Amino acid sequence: MPDELLRYRTEFPILSRTAYLISNSLGAMPCGVEDSLHTELWNTRGVRAWEEEWWMLAAQVGDEIGALFNAPQGSVACLQNVTTCQATVASCFDFSGRRNKVVYTDLNFPSVMYLWEAQRLRGARVEMVRNDDSINVNTERLLAAIDEETLIVPISHVIFRSAFIQNVEAIVEKAHRVGAYVLLDSFQATGTVPFDVQKLDVDFCTGGVLKWLCGGPGTAYLYVRPDLAKKLEPTFTGWNSHENPFGFEIGATRYAPTIYRFTQGAPNIPALKVAQPGLKIIAEAGVESIREKSKRQTALLIAMADRHGWRVNTPRDPERRGGTVSIDMPNAQQVCAELLKREVLVDYRPKAGVRFSPHFYNTDEELTKGIAAAEEILSEMKVGP
Ligand SMILES: Cc1ncc(COP(=O)(O)O)c(C=O)c1O
8 MPDELLRYRT EFPILSRTAY LISNSLGAMP CGVEDSLHTE LWNTRGVRAW
58 EEEWWMLAAQ VGDEIGALFN APQGSVACLQ NVTTCQATVA SCFDFSGRRN
108 KVVYTDLNFP SVMYLWEAQR LRGARVEMVR NDDSINVNTE RLLAAIDEET
158 LIVPISHVIF RSAFIQNVEA IVEKAHRVGA YVLLDSFQAT GTVPFDVQKL
208 DVDFCTGGVL KWLCGGPGTA YLYVRPDLAK KLEPTFTGWN SHENPFGFEI
258 GATRYAPTIY RFTQGAPNIP ALKVAQPGLK IIAEAGVESI REKSKRQTAL
308 LIAMADRHGW RVNTPRDPER RGGTVSIDMP NAQQVCAELL KREVLVDYRP
358 KAGVRFSPHF YNTDEELTKG IAAAEEILSE MKVGP
């Protein structure tokens, strides 16, 4: 059966020069990005660009992102990175009361761990649940740690090291049963693993566009459950979160009734413009089709790694596996550096190995080429001086 998704290959120039297997880190650049900056608007309309397009852009891009995970219109804010999004969430809460526990696991992405750890200074009790290995989250252990004193559970949806997909339903069920919020970091899911924030009933969801959404650096998103959004008042605030930013009122923030209440200062316009071509392609390709292909190609990678006797640090169950296969071969870090020189683009992470992340635009031949190149590098290492 022909692979329909390959029709998008011509939209991504780098695919003609490399085996681009690193969309877990930075998705390939669509050619539409060259024109997306619209410097013309700035050049010809000058400061009027703000009211003619720029002020509305963050909400518009937020809606384009939100459509990928069924967020209602107006429920997604665009900020600069995931850490800033989570800092905005943290700033909504007071940790001085009895319900002040923050519960997550040691497989979360470190940047957000540092952020939540730092909330200890504001009175938070942080409980980091340890897992037995670097692949799987021990869901039972995590559930047991969520109790009546838990305020929030900030978890990764897909684990960055292993691509393990968390049991979000069970975590939300337990958290809500005891009155805690769930913040889902879907950075490694959006664009490759379909999900629905309303069905999952998460309270917050964060992520960025630079990986699986091919949107480049500088745009991240924060979804806040609409009924909850109205009640929260982030202390990490600014004129853009004010109900009347152009009133330049003095004193405390009067919060905007819109998603802008979770933003701070002026939006990052170039990054928002750069994000749009990739978002359009992903929406058109469809995350469900991307997922089907991803399950097949990640299985193919696992089979090839097994054939070489390399350790696979990614779940074998396709339903629990996201878009990446982490393969730990001997000298994995050096192998990775050498693969990059040979135009096979992958990355290396400690406790994971070399991460191969095929996306909708990759051919099976590129996977074979990547694995064969790793094999060749290893054999050269053995016979080399
Ligand atoms: C799950 C996850 N969260 C967060 C980040 C990074 O967040 P930020 O946008 O703050 O750089 C990454 C980056 O690789 C990630 O994989």
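Residues in the sequence shown are numbered from 8 upward in steps of one, following my numbering. Beta carbons: idealized from backbone N, C-alpha and C, even for Gly. A quick note: this is a predicted structure, and the numbers were derived from the prediction, not measured.
Pairwise C-alpha distance: residue j and residue i
| i | j | result |
| --- | --- | --- |
| A84 | G272 | 12 Å |
| H2 | G330 | Since the first and last residues shown for the chain are 8 and 392, residue 2 lies out of range. |
| P392 | Q341 | With a pLDDT of 44 at P392, under the threshold of 50, the modelled position of that residue is not reliable, and the figure given next carries that caveat. So the two alpha carbons sit approximately 15 Å from each other. |
| G81 | S169 | 33 Å |
| R268 | R261 | 9 Å |
| Y188 | E256 | 33 Å |
| Q126 | E250 | 28 Å |
| F19 | L352 | 14 Å |
| N320 | G34 | 22 Å |
| L1 | A56 | Only positions 8 to 392 of the chain appear in this structure, which leaves residue 1 out of reach. |
| D10 | A26 | 17 Å |
| I72 | V294 | 12 Å |
| N143 | E350 | 31 Å |
| D234 | L385 | 55 Å |
| E47 | E59 | 13 Å |
| L13 | L22 | 11 Å |
| I334 | A263 | 47 Å |
| E372 | R24 | 14 Å |
| E124 | P161 | 12 Å |
| R184 | V165 | 23 Å |
| A131 | W62 | 35 Å |
Closest residue to residue i among the options (Cα-Cα distance)
| i | options | result |
| --- | --- | --- |
| F363 | E11, T244 and L307 | L307 |
| V179 | F194, S169, F167 and L150 | L150 |
| A196 | P37, A35, I297 and G258 | I297 |
| G215 | W62, S98, S163 and N320 | S163 |
| S98 | E295, R356, E240 and L64 | E240 |
| E387 | P337, Y368, A359 and K358 | P337 |
| T226 | D101, L28 and N275 | N275 |
| R232 | P201, T265 and T90 | T265 |
| A290 | P201, R105, A278 and A131 | P201 |
| T146 | G130, L128, A131 and V110 | V110 |
Whether residue i touches residue j by CB criterion (9 Å)
| i | j | result |
| --- | --- | --- |
| Q87 | V119 | no |
| V136 | R148 | yes |
| K238 | N31 | no |
| I309 | P37 | no |
| A66 | Y230 | no |
| G254 | T270 | no |
| L207 | E156 | no |
| L190 | F102 | no |
| D354 | I29 | yes |
| L346 | G377 | yes |
| F167 | F211 | no |
| L122 | T90 | yes |
Distance between beta carbons of residue j and residue i, contact taken as under 8 Å
| i | j | result |
| --- | --- | --- |
| C221 | G285 | 3 Å |
| D192 | F116 | 7 Å |
| A325 | K302 | The residue you asked about is not Ala; residue 325 is Pro in the sequence shown. About 4 Å; that satisfies the 8 Å criterion. |
| A282 | G223 | 6 Å |
| T305 | R327 | Not a contact, Cβ separation roughly 11 Å. |
| V40 | L279 | Not a contact, Cβ separation roughly 12 Å. |
| S141 | A379 | Contact doesn't hold; Cβ gap of about 26 Å is too wide. |
Interface flag, residue i vs chain D, CB-CB below 9 Å
| i | result |
| --- | --- |
| R349 | The structure shown contains no chain D; it is built from a single protein chain. |
Any non-hydrogen atom of ligand 3 within 8 Å of residue i CB
| i | result |
| --- | --- |
| G215 | Ligand 3 is absent from the structure shown, which contains only ligand 1. |
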